[in-house]
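Protein chains: 6
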Amino acid sequence: MRVDGRQLDELRPVRIETDFIKHPEGSVLITIGDTKVICTASIEDRVPPFLRNQGKGWITAEYSMLPRATEQRNIRESSKGKVTGRTMEIQRLIGRALRSIVDLEKIGERTIWIDCDVIQADGGTRTASITGAFVALVLAVKKCMASGKIDKFPIKDYLAAVSVGIDQKLGEILDLNYIEDSSADVDMNVIMTGSGQFVELQGTGEEATFSRDQLNQLLELAQKGINELFIEQRAAIGEFADKIKVLPKKEL
Amino acid sequence: MRVDGRQLDELRPVRIETDFIKHPEGSVLITIGDTKVICTASIEDRVPPFLRNQGKGWITAEYSMLPRATEQRNIRESSKGKVTGRTMEIQRLIGRALRSIVDLEKIGERTIWIDCDVIQADGGTRTASITGAFVALVLAVKKCMASGKIDKFPIKDYLAAVSVGIDQKLGEILDLNYIEDSSADVDMNVIMTGSGQFVELQGTGEEATFSRDQLNQLLELAQKGINELFIEQRAAIGEFADKIKVLPKKEL
Amino acid sequence: MRVDGRQLDELRPVRIETDFIKHPEGSVLITIGDTKVICTASIEDRVPPFLRNQGKGWITAEYSMLPRATEQRNIRESSKGKVTGRTMEIQRLIGRALRSIVDLEKIGERTIWIDCDVIQADGGTRTASITGAFVALVLAVKKCMASGKIDKFPIKDYLAAVSVGIDQKLGEILDLNYIEDSSADVDMNVIMTGSGQFVELQGTGEEATFSRDQLNQLLELAQKGINELFIEQRAAIGEFADKIKVLPKKEL
Amino acid sequence: MRVDGRQLDELRPVRIETDFIKHPEGSVLITIGDTKVICTASIEDRVPPFLRNQGKGWITAEYSMLPRATEQRNIRESSKGKVTGRTMEIQRLIGRALRSIVDLEKIGERTIWIDCDVIQADGGTRTASITGAFVALVLAVKKCMASGKIDKFPIKDYLAAVSVGIDQKLGEILDLNYIEDSSADVDMNVIMTGSGQFVELQGTGEEATFSRDQLNQLLELAQKGINELFIEQRAAIGEFADKIKVLPKKEL
Amino acid sequence: MRVDGRQLDELRPVRIETDFIKHPEGSVLITIGDTKVICTASIEDRVPPFLRNQGKGWITAEYSMLPRATEQRNIRESSKGKVTGRTMEIQRLIGRALRSIVDLEKIGERTIWIDCDVIQADGGTRTASITGAFVALVLAVKKCMASGKIDKFPIKDYLAAVSVGIDQKLGEILDLNYIEDSSADVDMNVIMTGSGQFVELQGTGEEATFSRDQLNQLLELAQKGINELFIEQRAAIGEFADKIKVLPKKEL
Amino acid sequence: MRVDGRQLDELRPVRIETDFIKHPEGSVLITIGDTKVICTASIEDRVPPFLRNQGKGWITAEYSMLPRATEQRNIRESSKGKVTGRTMEIQRLIGRALRSIVDLEKIGERTIWIDCDVIQADGGTRTASITGAFVALVLAVKKCMASGKIDKFPIKDYLAAVSVGIDQKLGEILDLNYIEDSSADVDMNVIMTGSGQFVELQGTGEEATFSRDQLNQLLELAQKGINELFIEQRAAIGEFADKIKVLPKKEL
């Protein structure tokens, strides 16, 4: 039995609250179990220097945790004067993942800033960030299309992420909470599109390893979880849900 | 008429939601108009070096804004690698104010970390932070007393803060929102105790000045607003409300 | 009796030495008791980015202490790699105060850098900095007018600052030295114009509070001290003294 | 045909030169095609604070490039004053991978510092670093066993890493050089043990995605390449080669 | 003729004002022409970690310029967040030079902090700093001997520094001011003891070179200048002048 | 007898390997005894801001050590977030020295970046860096002349550097290794041109001093060593050796 009574292949309860913050072009509060992340998408009318005058846009992400999002208070990165390696890895991952399903030429010479701020953490903050950021991004695009800033719909596919892992006793499990994550032998983050393609796969055995068979079982679990996340995303996006590439029937 | 239809001496709607975040010893989401701040109080069982072995505790505060709490996205201070002067001023102010109404000897050799994270900003974030942080602090103390960590009630008085200012056309006004704050000639933050004493007074004429008479009128407005905030704080604190020094009748 | 034998409402001896340093457009060494600050005003022929092409200038200030200005040697902020919160607060205060009495359009698209370097500290360094910086500023303006850089006199009023405080035994006192400042219950910095208006008021009760009556008595003391500082400033400025808005008789 | 004439499943020439630098306990120069990395292993007789008094050791890695290891000169991270996100990701990966095949209790309360300094880069620097660092680590352990510092052999298995990717025209390819890496749709780094287990799997589609079938083909290629790297490592390690867990015949 | 009318081998007017600042154990204001440096010596009752428990002390120096010590305002190093290479070179030089004439065992496990703050610069700030710091150091030692902190006189010899250089038209010149320094082909700083030994010699041809003969002439000039500085130092030190190793007659 | 059996005036074995790294315009691995430095010269087609539009180029240098170039592992400067004073001194020295023998107008508005990365250290790393960097610079110039980027040969003279020092027992010695350097009373770095002129002279007595006679003997030793380094440089440069100002016979 899992620590919180879930089935091995069961997601925690998911809730995506849209327009949680008034200023950003797109914003959501995504809640997955006890993990809560505010995801916002902000439009800036210019691109970083390396992209200037190429007629295409950019998507970049930043990730942070409130100091007391966790059981023990963390020192703020602004107080330390630098961003940790973990934060950098996560924000690079979020940006890369979102860029994979956006036609950057259709957003024009603009930067979309994705901010993922974890206000309460209980495992899976990076996958929740990606899943929520996708919705915030779509909402921001919607606003830009309404105002005429963007005229061709640039979102190529759905995108969601989930963690899977191997517990020493229970075997492969879906959507690890903090306690499960701390004791898991193997931890894998899977990011997939609505059409069932992988965008990113990061599997790590910290002081442990995993076999090809185990990998296959983890990927099955991940696909199941991600399909359920797509349903939540569609509900949150509303009338725009069908503008995004319809998912092949076999997937849902 | 004020930009949002309020009377000159009218506060924006105030709401204090307790236990907003699960991990901290005390936490609230304080909403004042469109300004929303998560305030948490965390207990650490040691004091900074300069206080060691003196048998007393410490209260310190940190303040931050999410990048998109504001109309324009702000660069994160962690990305800049340093905290701005404005942030430093505010967090020093919050810490100082809370220390003034706590008997630091009664909390023992502990540090109470106050974190104020603005998730949506519309003026008055520092005064909302102080007003909310007071409640988070009381909740944390309550928890420590329940667990026996602290045995004597250390809160000496209520504490709340409000902004007042002088508008070129309207004259003295209470609780400025962002638009009012941007155009005000004079901006003053007033922090008071439940017994009607000043803890801190910061009045600034940016490219303007103010007379002794105007100061007196600003202080009257501030007292009115703060008395109303005390009522909200008492409601949020619940059964502990009367453990804190009863306010002299003339004040409420 | 005060620790240095002064009356409760007595300033320490004040001396303003002009042209103390040869390179800056304006410079003074201001001595108030044992507090000594070198204040310089430097003209730069451009404004910060946020002000470009608006036809007006800017005044900004920096403040620092020599490491051994104090009883204990302080670590240099350049060695720490960052400026402390206290320094930031003070330099923001100095800049804001000076901007309040200058017509920024009359100085054109220029920045006036005010540098206040404390070479010996005995309390009241921020108020001495403001009082001295005002004179350095006027001297720099004088030079710019002589060279034709500035053609309309931009100084709108006198400006000086003083500290007042409440001593547990003596009550309200004027111009606190370091020992008095360390033990005072309440510390207030008051910045006023020659016409008796407040520019900034910062009163703080560190682990203490103050009443409305005490506030009023502090303000009386401050007005007295500031009037005396104006006399020193006028003497230092020389022939330019009368170009600045004549002070209403009742004030002097 | 590949840009350098290789077969799709062909590694570039590999050379592992041991004892390249005289001071470190273990050091190699690993050359894979035109990629050259100096890998050293240094023993420090203490562990980081979070591990003290637990009777086990730690392995941590740092990674850097000489400024002109690349076609365009890179700004040194020491000049920038901070380490980039890419560097942090890589050094965290190297450390994690090596820890997975070492029995940390057998090295005692010591830290093994792995330094990977790329002196010439042509793609695959992180996988070359891991493959070379494994050898440097074994050499350092050898020295510690000779001197009696470590008495039980702590290496649990072989460890090597390789990159695989998907080229738009050629399909799946092994061991990408810089040109191939720049134009690949999908890039995957695979780290495996001598017993055929995965230690880490990082597959990324930058503005592209990949299917389950493609993943399987990439993993086949990676296994082939890694088996060849094990042969080079065994040769470099010399008499110690057989002290490490014998590889099951089916793998080689 | 030199730009300020001096002879080729003539020092600028030198003045050493002792006890310029009240808090430090030793302090001077040294004025050499238009160069003015506040030098202080502070005693700290502990040594840096690398010297602990060795029964000897340490001398370290810091150097800084006020932003407007120069013709153009310099950005403060505290604002930049780092110390420039030039500053580091100078402060390392000052510390090294002073350590050469002090018996570090006689000062016990103490650090003497030398702070040299240039308040007005006109060339030769590093040599003026050394010459002035020597006097501040002796004054601090005097105070420590009076209070019994130090019981054996630790100063082994006099120490002073001067710059010499080669002007394209005038040839070798002594004690360059800023204009001379800017146009000189060769610049050399010479630090010597009272007994005529070299402590440090730093000669640089920026986009120029110098011959052995020129070197010899520069060293003659330097010796002459330094002998004159010793006379000023002796006067400043007062009754302690003769406690320091008497200078051989031929030198003065 | 010297610790490694050399004569007092004997250089360690010198080897200059050209084109050690493939990407840079010029690169060498210089080995002097056990000191090994990779020196590269990179051409950038622009100059720093202070030189723009003046029709001349710039040469700047950076210096670093691999963490385990030394007996004890050093913390990387990128991890510390800042460059040490020692590194800054050395890189300023290298840049200055190379600029002295290059006609900067002949290289046009270009920056030549010199990178000296010590991969193994045994004393004399800064002098080896200069000696090697000179060759890398000539190789880069050669490439630029071949491609037509530079049309007039800009190298005015040879340049090499060596250390000399005074050992308490042996007296003056040439080319100190690490052990000798650590125990020497006096350490001097001498940089000379092929025509026998000094470019830079830095002699330091750390807690010691030296006389005029000793200085003269040190300079004789340095000249001997540098003449031998010129022979190695000529061999490394090949056909270009005679394009550089022929050395007067008396020198070799």
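Residue numbers (the UniProt record's numbering), protein chains in the order written: chain A, 1 to 252; chain B, 1 to 252; chain C, 1 to 252; chain D, 1 to 252; chain E, 1 to 252; chain F, 1 to 252. Backbone N, C-alpha and C define an ideal beta-carbon position, used for all residues, glycine too.
| Asked | Found |
| --- | --- |
| For a contact defined as C-beta to C-beta under 8 Å, what are the partners of Lys-82 (chain E) on chain F? | Lys-82 |
| Helix, strand or coil, according to DSSP, for Tyr-158 (chain F) in the structure here? | coil |
| In the DSSP assignment, what are the bridge partners of Lys-36 (chain F)? | F:Thr-31 and F:Gln-120 |
| Grab the span of the alpha helix (DSSP H) containing Arg-73 (chain D) for me, first residue to last. | Counting along the chain, Arg-73 (chain D) falls outside any alpha helix (DSSP H), and DSSP gives it neither H nor E. |
| Once the 5 residues before and after Thr-127 (chain E) are set aside, which same chain residues still bring their CB inside 7 Å of it? | Ala-161, Val-162, Ser-163 and Asn-189 |
| Looking at the structure shown, is Ala-61 (chain C) part of a helix, part of a strand, or coil, going by DSSP? | strand |
| What residues from the UniProt domain "Exoribonuclease phosphorolytic" (10-140) of chain D come within 7 Å of chain A, judged by C-beta to C-beta, listed N to C? | Lys-82, Gly-85, Met-88, Glu-89, Arg-92, Arg-96, Arg-99 and Ser-100 |
| What are the residues that DSSP puts in a beta bridge with Val-14 (chain A)? | A:Ile-32 |
| At what residues does the beta strand (DSSP E) containing Glu-200 (chain D) begin and finish? | 198-205 |
| Smallest Cα separation from Arg-68 (chain D): which of F:Gly-194, F:Ile-166, F:Ala-236 and F:Asp-19? | F:Asp-19 |
| Compute the distance between the beta-carbons of Asp-45 (chain D) and Arg-99 (chain D), then report whether it is under 8 Å. | no |
| Output, in chain order, the set of chain C residues within a Cβ distance shorter than 9 Å of Leu-201 (chain B). | Met-188, Leu-201, Gln-202, Gly-203, Thr-204, Phe-210 and Leu-215 |
| Ile-90 (chain A) and Ile-119 (chain B) - do their beta-carbons sit closer together than 8 Å? | no |
| To the nearest angstrom, report how far apart His-23 (chain D) and Glu-206 (chain E) are at their CA atoms. | 37 Å |
| Phe-198 (chain C) versus chain B: which residues are under 8 Å apart at the beta carbon? | Gly-203, Gly-205, Thr-209, Phe-210, Ser-211, Arg-212 and Leu-215 |
| Note down, in chain order, each residue of its chain lying with its Cβ closer than 6 Å to the Cβ of Gly-123 (chain F), except the 5 sequence neighbours on either side. | Leu-176, Asn-177, Tyr-178 and Asp-181 |
| Counting along the chain, where does the beta strand (DSSP E) carrying residue 321 (chain D) start and finish? | The requested residue 321 (chain D) is not part of the displayed model; chain D covers only 1 to 252. |
| Under the DSSP definition of a beta bridge, which residues are partnered with Met-192 (chain E)? | E:Ala-160 and E:Phe-198 |
| Would Asp-9 (chain F) pass as a contact of Lys-169 (chain F) if the rule is Cβ separation under 8 Å? | no |
| What residue does the beta strand (DSSP E) around Ile-173 (chain E) start on, and which one ends it? | 171-174 |
| Between E:Lys-245, E:Val-141 and E:Thr-193, which lies nearest to Ile-59 (chain E) when the distance is taken from Cα to Cα? | E:Val-141 |
| Compute every distance between the C-beta of Lys-169 (chain D) and the non-hydrogen atoms of the ligand MN, then say whether any falls below 7 Å. | What this structure holds is no ligand at all, so the ligand MN is not there to describe. |
| Asp-9 (chain B) by DSSP, collapsed to three states: which one? | coil |
| Do the stretch 191-205 of chain D and the stretch 195-214 of chain A meet, that is, are 3 or more Cβ pairs less than 8 Å apart? | yes |
| Pull up the CB-CB distance for Lys-106 (chain C) and Lys-152 (chain C), whole angstroms please, since I reckon it's below 8 Å. | 5 Å |
| Am I right that Ile-112 (chain B) and Tyr-63 (chain B) are in contact with their C-beta atoms under 8 Å? What's the rounded C-beta distance? | Going by Cβ atoms, the distance from Ile-112 (chain B) to Tyr-63 (chain B) rounds to 15 Å, so no, they are not a contact pair. |
| Do Lys-80 (chain F) and Asp-157 (chain F) have their CB atoms nearer than 8 Å? | no |
| So, do the stretch 235-243 of chain E and the stretch 228-242 of chain F have three or more beta carbon pairs nearer to each other than 8 Å? | no |
| Provide the residue span of the alpha helix (DSSP H) that contains Lys-142 (chain C), from first to last. | 125-146 |
| Taking DSSP's pairing of strands, which residues face Gly-165 (chain D) in a bridge? | D:Ile-173 and D:Asp-187 |
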